[in-house]
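Each remark here refers to the structure printed beneath this line.
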């Protein structure tokens with residue numbers, strides 16, 4: 018997401034970055050938006066993998 022945010026500011030991957038900003042609540046082209054999007058993605062990844070590991074070990 019860091020590279021996508023930097024690319025968005027440079028003018029590369031603009032369509033992909035705009036699509037990512039629609040899916041992530043805190044992701045935007047500013048530095049705070051890039052960091053916020055990275056934190057949000059990390060939180061969602063942790064939650065998803067925690068649930069997956071719990072279900073994997075349960076069954």
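Residue numbers (this note's numbering): 18 to 76. C-beta: ideal position from N, C-alpha, C; glycine also. Here the structure is a predicted model, which means the values were calculated and not measured.
Going by beta carbon distance, what residues of the same chain come within less than 7 Å of residue i, once the five residues before and after it are set aside?
i          : result
residue 25 : 31, 34, 46
residue 21 : 30, 33, 34, 37
residue 58 : 18, 41
residue 60 : none
Evaluate residue i with the Cβ neighbour count: other Cβ atoms within 10 Å of its Cβ, from every protein chain shown; 16 or more gives buried, anything less gives exposed.
i          : result
residue 69 : exposed
If you drop the 5 nearest sequence neighbours on each side, which residues of the same chain put their C-beta closer than 6 Å to that of residue i?
i          : result
residue 54 : 18, 41, 43, 44
Can you tell me the Cα-Cα spacing of residue i and residue j, whole angstroms?
i          : j          : result
residue 73 : residue 56 : 25 Å
residue 50 : residue 62 : 18 Å
residue 67 : residue 75 : 12 Å
residue 71 : residue 27 : 41 Å
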